[in-house]
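*Asks:* If you scroll down you'll find the structure; I have some questions about it.
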Amino acid sequence: MNAPERIEAGDALVVAGKAYRSRLLVGTGKYRDFDETRRAVEASGAEIVTVAIRRTNIGQNAGEPSLLEALPPSRYTILPNTAGCYTAEDAVRTLRLARELLDGHALVKLEVLGDARTLYPNMPETLAAAKTLVADGFQVMAYCSDDPIMAKQLEDLGCVAVMPLASLIGSGMGIVNPWNLRIIIDRVQVPVLVDAGIGTASDAAIAMELGCDGVLMNTAIAKAREPVRMARAMKLAVEAGREAWLAGRMPAKPYEASASSPASGLIAPSASAPK
Amino acid sequence: MSAPIRVVLNGAPREFPAPLTFSELIDELALGGRRLAVERNGEIIPRGRLGEESLADGDRIEVVMAVGGG
Chain A
1 MNAPERIEAG DALVVAGKAY RSRLLVGTGK YRDFDETRRA VEASGAEIVT
51 VAIRRTNIGQ NAGEPSLLEA LPPSRYTILP NTAGCYTAED AVRTLRLARE
101 LLDGHALVKL EVLGDARTLY PNMPETLAAA KTLVADGFQV MAYCSDDPIM
151 AKQLEDLGCV AVMPLASLIG SGMGIVNPWN LRIIIDRVQV PVLVDAGIGT
201 ASDAAIAMEL GCDGVLMNTA IAKAREPVRM ARAMKLAVEA GREAWLAGRM
251 PAKPYEASAS SPASGLIAPS ASAPK
Chain B
276 MSAPIRVVLN GAPREFPAPL TFSELIDELA LGGRRLAVER NGEIIPRGRL
326 GEESLADGDR IEVVMAVGGG
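Line by line, the protein sequences are chains A and B.
For the first sequence, this note's numbering gives the first residue as 1, with consecutive numbering after it.
For the second sequence, this note's numbering gives the first residue as 276, with consecutive numbering after it.
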């Protein structure tokens, strides 16, 4: 009999004191329609889903379905983001609107961008916004560069998670600097989630094998040829990577093989085997 | 005779012939029952006060919702 539950119940992702079974967080952008969004999110097993805050489309949307009908806040932890904000002031203003929109919900994703071409985070503005938001009672999960000093400063300001990029948002380039991620994981006590840059399932598994507490992705699922199938692949990859991290990988031995089969008892011991 | 109320709503000028509350504005825009947040001149108007607060001439109003994003 196989154990029905492969992931131990005790291995929860804890963010701001709340436990989540899934270590995969997903975005909701770039899907064909809300039905595809809903099916992909379901297949991913994610419990935390990000949303953006935007102006309502005045006069054009009577009767149009809304995202939060497809992904009800009663079922999912909605994580409003500050995508598109380039200043701390705009990010704080956006998240105050999000808090009102979501009935006082405090958990948010802060991202303050520095450049429209790379969408690289502006860390001075991110730190300033984090300080204001924490003082205002928000629980801040902060998108950041993979600079260990920046990640540590975000933690010191009271962020509940730090989320360094693996590579540029939407690039699908995977983990370009695993060593920095390892330093951040070693130095920071709050959860470290890779956010941005995941391209395919192996990238997510590698992030988890490095010891990340979770992975946040959007485009890798939404822009796969079959988003729902890729969502399932990502779920499995995050679980596999987490299990591998917990299991502890074997030591790598680059210059010497080690046979898995017995060296003795061969039916025809080879006299010609090199010594 | 009240003067028309001119506001900037989500970045575009709008004019209303008579005073109205924010709840009435939301109904007028056919957004009733939706999950929204409203900001006037940079200050959030809590949901519970939308029926009490009225638009004033010159207000800059933002009405926002949640959309897909990463």
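Even glycine gets a Cβ: it sits at the ideal position worked out from N, Cα and C.
All of these numbers come straight from a predicted model, not from anything done at the bench.
Assign Pro-262(A) to one of two classes, buried (16 or more other C-beta atoms within 10 Å of its C-beta) or exposed (fewer than that).
*Replies:* exposed
*Asks:* Rounded C-beta distance between Arg-322(B) and Glu-100(A)? I'm assuming under 8 Å.
*Replies:* 7 Å
*Asks:* I'd like to know whether the C-beta atoms of Met-234(A) and Ser-44(A) end up nearer to each other than 8 Å.
*Replies:* yes
*Asks:* Taking C-alpha atoms, which residue in Lys-152(A), Tyr-20(A), Ala-237(A) lies nearest to Cys-144(A)?
*Replies:* Lys-152(A)
*Asks:* Enumerate in chain order the residues of its own chain whose CB-to-CB distance from Arg-232(A) is below 6 Å, with the five nearest sequence positions on each side excluded.
*Replies:* Ala-43
*Asks:* By the three-class DSSP mapping on this structure, what secondary structure does Met-208(A) have?
*Replies:* helix
*Asks:* On a Cα-Cα basis, can you pick out the residue from Asn-180(A), Gly-199(A), Ile-184(A) that is closest to Val-162(A)?
*Replies:* Ile-184(A)
*Asks:* With the cut-off set at 8 Å, would you say Met-208(A) and Gly-170(A) are in Cβ contact?
*Replies:* For the 8 Å CB-CB criterion, Met-208(A) and Gly-170(A) do not form a contact.
*Asks:* Kindly indicate if chain A contains any beta-carbon less than 8 Å away from that of Leu-295(B).
*Replies:* No, because no Cβ of chain A sits closer than 8 Å to the Cβ of Leu-295(B).
*Asks:* With 9 Å as the limit, tell me which residues of the region 299-333 of chain B have their beta carbon closer than that to any beta carbon of chain A; keep them in chain order.
*Replies:* Leu-304, Ala-305, Leu-306, Arg-309, Arg-310, Leu-311, Ala-312, Val-313, Glu-314, Gly-317, Ile-319, Ile-320, Pro-321, Arg-322
*Asks:* Among Ala-201(A), Pro-148(A), Ala-204(A), which one has its Cα closest to the Cα of Val-188(A)?
*Replies:* Per the Cα distances, Pro-148(A).
*Asks:* Please report the straight-line C-alpha distance between Pro-254(A) and Ala-247(A), rounded to a whole angstrom.
*Replies:* 21 Å
*Asks:* Given this structure, state the Cα-to-Cα distance separating Pro-80(A) from Met-340(B), to the nearest angstrom.
*Replies:* 11 Å
*Asks:* Which residues mark the beginning and the end of the alpha helix (DSSP H) in which Ile-221(A) is found?
*Replies:* 219-222
*Asks:* How many angstroms separate the CA atom of Tyr-120(A) from the CA atom of Leu-168(A)?
*Replies:* 7 Å
*Asks:* Does DSSP put Gly-241(A) in a helix, a strand or coil?
*Replies:* helix
*Asks:* Compute the beta-carbon to beta-carbon distance between Glu-337(B) and Thr-296(B), rounded to the nearest angstrom, for a pair I have assumed lies under 8 Å.
*Replies:* Contact doesn't hold; Cβ gap of about 17 Å is too wide.
*Asks:* Rounded to a whole number of angstroms, what is the C-alpha to C-alpha distance between Glu-125(A) and Pro-164(A)?
*Replies:* 15 Å
*Asks:* Assuming Met-128(A) and Ala-88(A) form a contact by the criterion Cβ under 8 Å, report the distance between their Cβ atoms to the nearest whole angstrom.
*Replies:* For clarity, residue 128(A) is Ala in the given sequence; the question names Met instead. Contact holds; Cβ gap of about 4 Å.
*Asks:* Can you find a CB in chain A that lies within less than 8 Å of the CB of Val-338(B)?
*Replies:* yes
*Asks:* Can you tell me whether Glu-111(A) is helix, strand or coil according to DSSP?
*Replies:* coil
*Asks:* For Glu-337(B), which residues does DSSP report across the bridge?
*Replies:* Glu-314(B)
*Asks:* Pull up the distance between the alpha-carbon of Asn-316(B) and that of Arg-289(B), whole angstroms please.
*Replies:* 15 Å
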